[in-house]
Amino acid sequence: MNKMIRQLLPFGTLTLIICILSALKPDIFLTSENILNVLSRSSVNGIIAVGMTLVIISAGIDLSVGSMLALVGMCAGGIMVMIPELAQNDSGGVFNSMLQWMVDNPTSILLTGSLAGILVGFLCGCLNGTLITKLKLPPFIVTLGTMSAFRGVSYVMNAGKPFDVPSYTFLGSGLVPLYKTLEKTVLTTAGKLEKEVLEVLTPWSSVDPQNLEEGARVVSHGIPVCIILFAVIVVIAGFVLKFTRLGRYTYAIGSNRQAAFHAGINVDKTLIAIYTLTGLVVAIGALIATSRTVSAQPTAGITLELDIIAAVVIGGASLSGGRGTITGTIIGTLLISFLRNGCTLLGISTNIQLIVIGAIIITAVALDQMARSKAQTTKS
Amino acid sequence: MTADSTSEQHNSSANGIALRMTGISKRFGPVQALRKVSFTVRAGTVHALVGENGAGKSTLMKILAGVHLPDTGTIEIQGKDCKFANPGQAIAGGVSMIYQELDLAEHLTVAENIFLGAEPKAKLPLFLNNKEMIRHGRQLTQQHNFDIKMTARVEELPTGDCQIVEILKALRRNASILVMDEPTSSLSETEAQRLFEVVRQLRRQGLTIIYISHRLEEIIDLADEVSVLRDGALVHSERIEQLDIPKIVHHMVGRELNDFFPQRLVTLGETSVKVENLSSQIGIDSVSFEIRRGEIVGVAGLVGAGRTETAQTIFGVAPKSSGRISIDGQEVQINSPADAIKQGVAFLTEDRKRTGLCLQLPCSWNITLPNLDNIGMKHKISPSRENRIAAEVAQKISIKWHGPQAPADTLSGGNQQKLLIARWLLAESKFLIFDEPTRGIDVGAKAEIYSLLNHLAQQGKAILFISSELPELFGVADRILVMRRGRLVGNLDTKKTSQELVMHLAAVEENYTNDD
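Sequence lines, in order, name chains A and B.
End of the first sequence = 1304 in our numbering, gap-free, step of one.
End of the second sequence = 530 in our numbering, gap-free, step of one.
Encoded structure:
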């Protein structure tokens, strides 16, 4: 019974926030536009929080995710910017003709940059895991160090300046269209500008612009790519945690590392896998973040790690390990996002938002702790 | 039982009574640690307190030192009634205890340790007066003829000197009774000799010393009087002149086996496990033995004799430095517990909370943890089938739980232990090592564990059974290996030996084998 309440607590809070906002601002909050907006904004945090959940369940911590996000973005962005530049100084040869081909097919440049970013994330995560296991250092120390180092490298890469990648929009603002509409803006009798839907089209229909009526345009409606990516990663991580040996071993190591070792689990290998997976999801998050601003910023993701940890902890994971779920983490992430959104809609300043979020973190963990110590006393 | 009324025995002695504990009882949960112990120590003597592991020596001394409160009984020091609610009060009452694991702040200097909590004040408030502290410390060492540098850091000192620092700490507190718990367990021979000199000198200066040790030779050498605890009761107390090692051992062990143990009806099979000259840095030296299918081999020895270390080395927890391990005639390479499990070795560790169970996780997870591969869940775990499999094994050995999904910490100690046995049953291990499997569980659960061991042996498994309780070794094992200081010093057929002999081998330097 207690366990149920404990698990329902964050979910209940989330529902409560949504209800309150719906009641206060039904016309703005409860629009598909606003909800999709909140979801796509939380996708970067959510995706990274999934990795952090694994890390925290294993009784570890990864402070480097914010810096890693910047580093992955800078590497990906850097390559996207460098390829056309390199192609210009015509030195001949196979390499150059390859670059020329890439410039002619710009999608390949974006793809190369993205893959390079993923590789960097993979290597960063692998580095964290290897340092933690092989040097037998606490994760807090290792990732505190790499947090600083990764940030440093991302500043060095372009002397502190961002790489602009104006054509890299697919992940950040791309949509998977469900339908399209033919719209026109009209002036109503009351003197207001209003959208008028002339025709609803199938997602694959295309309209020749020349056949369009004056002032009309085609608008796509659908689900942002980043939300779909977020959902896919959540499903995969949920499966890994619940149904695979890696997930099981993660819980076992976090609950009692010595016992896990004595049960024949390769603790080092498992931990390296966990930190590497985190590197991978950070890379995906970084590509989305870069694409959203169409620019790779060396300052991206400063203090991001704290938001992520907060989300995971609000979702019921224990920093001492062995406890936590993907569902909880998603609820934690959404709770913070909707809270921010709500505060903005209600005209509460960002400064106040910080205070509210701080209070929520402490309350969430305190309630959790109380429920747990009560469960303990009834047990014995 | 030959319990003496100790208080009467020494009332007429020449020395005054330094300490008189009367009718001390203490219960921890289901375990009666002490039963009406009456213990008297004459002033200015070295009084040895001996007994098997778990006999209650430490509990009795912790009550004296104010760590535990007794359930019943009184403590009198120099004729005055005392009640110690915490260690601070005991220290103020003149009792200082030196624990086996020394209680020193390693990074501080000798002087800082001696005066910890009672630093001399400087003229300015909040400042320390280091000079005064060192001067006072030197005075103390000169007074007692110690040679130790006040400004040395404790971490740089050899263990023998750390003992001296502990003694100085006690002297600085004006202790009249000094309790030493296994002071020589981590000392070299020369360091131990030096410590004995110090103890004798302290006695000459009028200090009363209660000396706990497993090493009976040093007790014969050092003590004026010996008290023996067994199963939480004081069974004997006598002057050393009237005692010798066999007599002490007899008092320590002196109980009889009952039908608490299962009938052994096993025909031994082929040699299953062969360990040859196994050595390891963690403290074992050329250990060799064989176990046949269906055989239960017990391992006796004092704490620190290398029994657990032997198990750890076989199981790949610690690397071996030399030696060979063969299972069913094939030499096996074991570098990690994972390797060991693949070779069919199982290890039930002595501390199920620290190295056995993941306490917050469900019971079924704990059972299947090393077995996911061999129950066909290498790639995908099926929770419902997993629960079913766990429940089946659990039922076989009648584990009482609140279902397979209940966290392991909701089970009683005995059932937690059975959870681990279920794990290795599921693994179908050929060779099982049990390290103190009955520690801290109640009598009923103990009997169940014994019959499980017997049952496993009947299925043709080889079993190594480490225990500090001789009666259970004699009740369960076919053969008993005795270890002392990392070496195997006895390999005895249980039927042809006695608890006295095993205790003697474990506590006294000598080699003996009656195995043919």
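By construction, the Cβ of each residue, glycine as well, lies at the ideal position given by its N, Cα and C atoms.
Source: prediction; values computed, not measured.
Cα-Cα separation between I348 of chain B and S251 of chain B, rounded to whole angstroms: The alpha-carbon of I348 of chain B is positioned some 49 Å away from that of S251 of chain B.
Contact list for W379 of chain B against chain A, beta-carbon separation under 8 Å: What W379 of chain B touches in chain A: R1172, Y1175 and A1176.
Residue span of the alpha helix (DSSP H) that contains A614 of chain B, given as start and end: Residue 614 of chain B is absent from the model: chain B starts at 15 and stops at 530.
Contacts of T1168 of chain A in chain B (Cβ-Cβ under 8 Å): Close to T1168 of chain A, with beta-carbon spacing below 8 Å, are these residues of chain B in chain order: H393, K394 and I395.
Residues of the region 38-59 of chain B with Cβ closer than 9 Å to any Cβ of chain A, in chain order: For the region 38-59 of chain B, the beta-carbon criterion of a distance under 9 Å to any beta-carbon of chain A is satisfied by none of its residues.
Interface residues of chain B facing N1190 of chain A [CB-CB closer than 9 Å]: Those within 9 Å of N1190 of chain A in chain B are S350 and A352.
Candidates B:G283, B:V301 and B:T285, of which the one nearest N291 of chain B by Cα: A check of alpha carbon separations from N291 of chain B across B:G283, B:V301 and B:T285 identifies B:V301 as the nearest.
C-beta atoms of H265 of chain B and V242 of chain B nearer than 8 Å: Against a cut-off of 8 Å, the Cβ pair of V242 of chain B and H265 of chain B comes out as a contact.
Where the beta strand (DSSP E) through A476 of chain B begins and ends: In the DSSP assignment, A476 of chain B falls within the unbroken beta strand (DSSP E) covering A476 to I480.
Partner residues on chain A for T440 of chain B, Cβ-Cβ distance less than 7 Å: For clarity, residue 440 of chain B is Leu in the given sequence; the question names Thr instead. Those within 7 Å of L440 of chain B in chain A number zero; the least Cβ separation is about 12 Å.
Residue closest to G1001 of chain A, alpha-carbon to alpha-carbon, out of A:I1033, A:N1020 and A:V1018: Of A:I1033, A:N1020 and A:V1018, the smallest CA-CA separation from G1001 of chain A is found for A:I1033.
Classification of A1283 of chain A by the beta-carbon crowding that lies within 10 angstroms, buried from 16 upward: Around the beta carbon of A1283 of chain A, a 10 Å sphere encloses fewer than 16 other beta carbons of the protein chains shown; the residue is thus reported as exposed.
Boundaries (first-last residue) of the beta strand (DSSP E) holding P134 of chain B: That residue, P134 of chain B, is in no beta strand (DSSP E); it is neither H nor E in DSSP.
Chain-order list of residues whose beta-carbon lies under 7 Å from that of E284 of chain B (same chain, five-residue window excluded): Its chain contains R306 and R307 as the residues whose beta carbon lies nearer than 7 Å to that of E284 of chain B, once the 5 sequence neighbours on both sides are disregarded; these appear in chain order.
C-beta neighbour in chain B for Q1182 of chain A, strict 8 Å: Answer yes: the Cβ-Cβ gap between Q1182 of chain A and chain B drops below 8 Å somewhere.
Limits of the beta strand (DSSP E) - the one that K222 of chain B falls within: The sequence as given places Thr at residue 222 of chain B; Lys does not occur at that position. It spans T222 to I226 - the beta strand (DSSP E) in which T222 of chain B sits, taken as one unbroken run.
Chain B within 8 Å of S1273 of chain A, Cβ atoms only: No, S1273 of chain A lies away from the interface with chain B (no Cβ there is under 8 Å from its Cβ).
Cβ-based burial, L446 of chain B [other Cβ within 10 Å; buried from 16]: It counts as buried.
DSSP state of C90 of chain B mapped onto helix, strand, coil: Note that residue 90 of chain B is Glu in the sequence shown, not Cys. Reduced to three states, the DSSP call for E90 of chain B is strand.
Cα-Cα separation, A125 of chain B to K137 of chain B: When only Cα atoms are considered, A125 of chain B and K137 of chain B end up about 19 Å apart.
Near-chain A residues of the region 491-510 of chain B (beta-carbon distance less than 9 Å), N- to C-terminal order: Hits within the stretch: zero.
Interfacial residues, the region 353-364 of chain B to chain A, with Cβ spacing under 9 Å: If the cut-off is 9 Å between Cβ atoms, the region 353-364 of chain B has D353, A354, I355, K356, F361 and T363 near chain A.
Stretch-stretch touch, CB-based, cutoff 8 Å, three pairs: the region 1172-1186 of chain A with the region 382-400 of chain B: Touching, yes.
Proximity of T1036 of chain A and L1259 of chain A at Cβ, strictly below 8 Å: At the C-beta level, T1036 of chain A and L1259 of chain A stay beyond 8 Å of one another.
Reference S39 of chain B; option with closest CA among B:V64, B:I262, B:G58 and B:A69: Of the residues B:V64, B:I262, B:G58 and B:A69, the one whose Cα lies closest to the Cα of S39 of chain B is B:A69.
Between the CA atoms of T165 of chain B and T1220 of chain A - distance to the nearest angstrom: A small correction: the amino acid at residue 1220 of chain A is Ala; Thr does not occupy that position in the sequence shown. Taking C-alpha positions only, A1220 of chain A is separated from T165 of chain B by approximately 57 Å.
Terminal residues of the beta strand (DSSP E) in which K1193 of chain A lies: Not the beta strand (DSSP E): K1193 of chain A falls in the alpha helix (DSSP H), residues V1191 to R1216.
Whole-angstrom distance between R214 of chain B and Q153 of chain B, CA atom to CA atom: The straight-line gap from Cα to Cα measures roughly 20 Å.
Backbone CA spacing between P1008 of chain A and A1224 of chain A [nearest angstrom]: Cα to Cα, the separation comes out at about 24 Å.
Whole-Å CB distance - T155 of chain B paired with I162 of chain B, under 8 Å assumed: T155 of chain B to I162 of chain B, Cβ: 6 Å. Contact.
Pair within 8 Å by beta-carbon distance, V311 of chain B and L478 of chain B: The answer is yes: Cβ separation under 8 Å.
Completely contained alpha helix (DSSP H) runs for the region 304-385 of chain B, where each covers 4 or more residues: Fully contained in the region 304-385 of chain B are the following alpha helix (DSSP H) runs of length 4 or more, in chain order: 321-328, 351-356 and 377-382.
Cβ of F1046 of chain A within 8 Å of any chain B Cβ: No - not a single Cβ of chain B is within 8 Å of the one on F1046 of chain A.
Residues in the region 1237-1251 of chain A having any Cβ partner in chain B nearer than 7 Å: Within the region 1237-1251 of chain A, G1246 and R1247 place their CB atoms closer than 7 Å to a CB of chain B, listed in sequence order.
Beta strand (DSSP E) segments (min. 3 residues) lying fully within the region 1110-1167 of chain A: Counting only runs of 3 or more residues that sit fully inside the region 1110-1167 of chain A, the beta strand (DSSP E) segments are 1117-1125 and 1140-1148, in chain order.
Cα-Cα separation, E232 of chain B to T204 of chain B: Cα atoms of E232 of chain B and T204 of chain B: separation of roughly 13 Å, rounded to the nearest angstrom.
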